[in-house]
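Chemist: Position 242 of the sequence shown, counting from 1, maps to 241 under our numbering, and the rest follow consecutively.
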Amino acid sequence: MMIRRIKKIFKVIIIAIISFIAIILVAHFIGRIINNRTPEGGINESMYVDINGTKQWINIYGQDKDNPVLLYLHGGPGSSTSIFDYVFTRKWSDVYTVVTWDQRGCGKSYNTSKTETITVDILMQDGKEITEFLLDYMGKDKITLLGHSWGSLYGANLALEYPEYYEAFIGTGQFIDPKENEQRLYDAAQEWSEGDEEGKAILAKWSPDKEDSLEAIQARNATLERYGYGMMKDGSDYNLYTTVIFNPNYSIKDYVRYLTNGSKEFEPYLAFWANDEMSKLSLLRKYEYKVAYYNINGDMDYQTNYQIACEYFDNVNAPYKEMFVMKNATHGLLESRSEEFSEIVHKIAERQK
0 MMIRRIKKIF
10 KVIIIAIISF
20 IAIILVAHFI
30 GRIINNRTPE
40 GGINESMYVD
50 INGTKQWINI
60 YGQDKDNPVL
70 LYLHGGPGSS
80 TSIFDYVFTR
90 KWSDVYTVVT
100 WDQRGCGKSY
110 NTSKTETITV
120 DILMQDGKEI
130 TEFLLDYMGK
140 DKITLLGHSW
150 GSLYGANLAL
160 EYPEYYEAFI
170 GTGQFIDPKE
180 NEQRLYDAAQ
190 EWSEGDEEGK
200 AILAKWSPDK
210 EDSLEAIQAR
220 NATLERYGYG
230 MMKDGSDYNL
240 YTTVIFNPNY
250 SIKDYVRYLT
260 NGSKEFEPYL
270 AFWANDEMSK
280 LSLLRKYEYK
290 VAYYNINGDM
300 DYQTNYQIAC
310 EYFDNVNAPY
320 KEMFVMKNAT
330 HGLLESRSEE
340 FSEIVHKIAE
350 RQK
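1) Is the Cβ-Cβ distance between Tyr109 and Thr88 less than 8 Å?
2) Taking contact to mean 3 or more Cβ pairs, one atom from each stretch, closer than 8 Å, check whether the region 134-141 and the region 112-120 are in contact.
3) Measure the C-alpha to C-alpha separation of Ile32 and Ile244 and round it to an integer number of angstroms.
4) Can you give me the Cβ contacts of Ser206 inside the same chain, cut-off strictly under 7 Å, excluding the 5 residues immediately before and after it?
5) For the alpha helix (DSSP H) containing Glu160, name the first residue and the last one.
6) Please classify Met46 as buried or exposed, where buried requires at least 16 other C-beta atoms within 10 Å of its C-beta.
7) Ignoring anything shorter than 4 residues or poking outside the region 94-148, list the alpha helix (DSSP H) runs there in chain order.
8) So does the region 271-288 actually touch the region 330-342, counting three or more Cβ pairs closer than 8 Å?
9) On the DSSP letters alone, give me the boundaries of the alpha helix (DSSP H) that Asn260 sits inside.
10) Skipping 5 residues on each side, what residues in its chain have a beta carbon closer than 7 Å to that of Gly61?
11) Would the region 159-166 and the region 188-201 be scored as touching if the rule is three or more Cβ pairs under 8 Å?
12) Considering just the uninterrupted stretch of the beta strand (DSSP E) at Asp49, what are its terminal residues?
13) In whole angstroms, what is the alpha-carbon distance linking Thr116 and Asp63?
14) Please tell me whether Ala158 and Leu282 are closer than 8 Å, where the distance is taken between their beta carbons.
15) Excluding the 5 residues preceding and the 5 following Trp149 in the sequence, name in chain order all residues of the same chain whose CB lies nearer than 7 Å to its CB.
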């Protein structure tokens, strides 16, 4: 009797699991069809582009082909957001044709652009070539850059190096200098953890000169979470689970690759960070912009230090500059406050007319 009961319970569990998977697959299929539609008069195209000797994935989405083009640069370095970023980037698609790009060795570009050694020269050439492709493909004279976190450091350098290609730069979670950023966070964390032995133990696992391992990065992030400055302290204003399930740009094979890759796509970028290669992109003493300069920053952002971004902004010389501050927001403002963020992007688009 006991064996029969166990078999029956096991059978029920198997049926439940299969049913759950079937529901997810059907939901994914239906959601993908719905979200993959092209707006009337607009554009919705995904493709692999030949970039600097590799093939890298982009999606182009907009409600009006005549709108200006905006290239979104995800953070990291090495952290593609293509598994969910279509939800918040499409909120700008009525005023911009938005291009999302999985950078070298990231996301859907991982298997087609894997690189053992990442250098500034390689990434700057990637950025230049993706920009040139978009100018030609979309028939534009210039485009706008919007970079988050690492993408803001990357994008600012592209705008400084190739101003002839860009009409505006928008940095959010503006990253200025790797070393100064980590020192400011570490100093603040020393104060936060005063009298907190467990917090001190976490803090001991990382320091400004010890961030070359996943363990150190995890400890750093745990410190931010512990004291209320975590990237997603406010959650998100949309459902991340359904966003992933309904993703129009990911097939089942893509999801399998995403799960299989795990942290592997991040590994070359750990070395890029640890060997000071990324410090070559520091924005300190680089203040002369020939394009409009915008910042959208959270006033509780310690992931990329808000105060450093403000100090830098005060020194920037640009044809036009403006800082937008999102109150009580940390680093994940694109996800946690996507509606408010979108309203600011719309203001910027209006100013650029």
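Glycine residues also receive a C-beta, built at the ideal position from the N, C-alpha and C atoms.
For clarity, every value in this text was computed on a predicted model and none was experimentally measured.
Modeler: Taking the structure as given:
1) For this step, residue 109 is matched to residue 110 along the sequence shown. For this step, residue 88 is matched to residue 89 along the sequence shown. Not closer than 8 Å, so no.
2) Under the three-pair Cβ rule at 8 Å, the region 134-141 does not count as touching the region 112-120.
3) Stepping through the sequence shown from its first residue, residue 32 is reached at position 33. Stepping through the sequence shown from its first residue, residue 244 is reached at position 245. Cα atoms of Ile32 and Ile244: separation of roughly 12 Å, rounded to the nearest angstrom.
4) The residue labelled residue 206 in the question sits at position 207 within the sequence shown. These residues qualify, in order along the chain: Tyr185.
5) The residue labelled residue 160 in the question sits at position 161 within the sequence shown. Per DSSP, Glu160 belongs to the alpha helix (DSSP H) from 149-160.
6) The residue labelled residue 46 in the question sits at position 47 within the sequence shown. Residue burial annotation: Met46 is exposed, with fewer than 16 other C-beta atoms found within 10 angstroms of its C-beta.
7) Qualifying alpha helix (DSSP H) stretches, in chain order: 119-137.
8) Verdict: no, contact absent.
9) As a first step, residue 260 must be located in the sequence shown, where it is residue number 261. Bounds of the alpha helix (DSSP H) holding Asn260 are 251-260.
10) Counted from its first residue, the sequence shown places residue 61 at position 62. Same-chain partners within the cutoff: Gly41, Ile42, Ser92, Tyr95, Thr96, Val97.
11) As far as the Cβ criterion goes, the region 159-166 does not touch the region 188-201, which means the pair count is below three.
12) Indexing the sequence shown from 1 puts residue 49 at position 50. Counting along the chain, Asp49 sits inside the beta strand (DSSP E) bounded by residues 42-50.
13) If you number the sequence shown from 1, residue 116 lands on position 117. If you number the sequence shown from 1, residue 63 lands on position 64. Distance between Thr116 and Asp63, taken at the CA atoms: about 39 Å.
14) As a working note, residue 158 is residue 159 in the sequence shown. As a working note, residue 282 is residue 283 in the sequence shown. Going by beta carbons, Ala158 and Leu282 fall outside the 8 Å limit.
15) One-based indexing of the sequence shown puts residue 149 at position 150. Gly74, Gly75, Pro76, Phe174, listed in sequence order.
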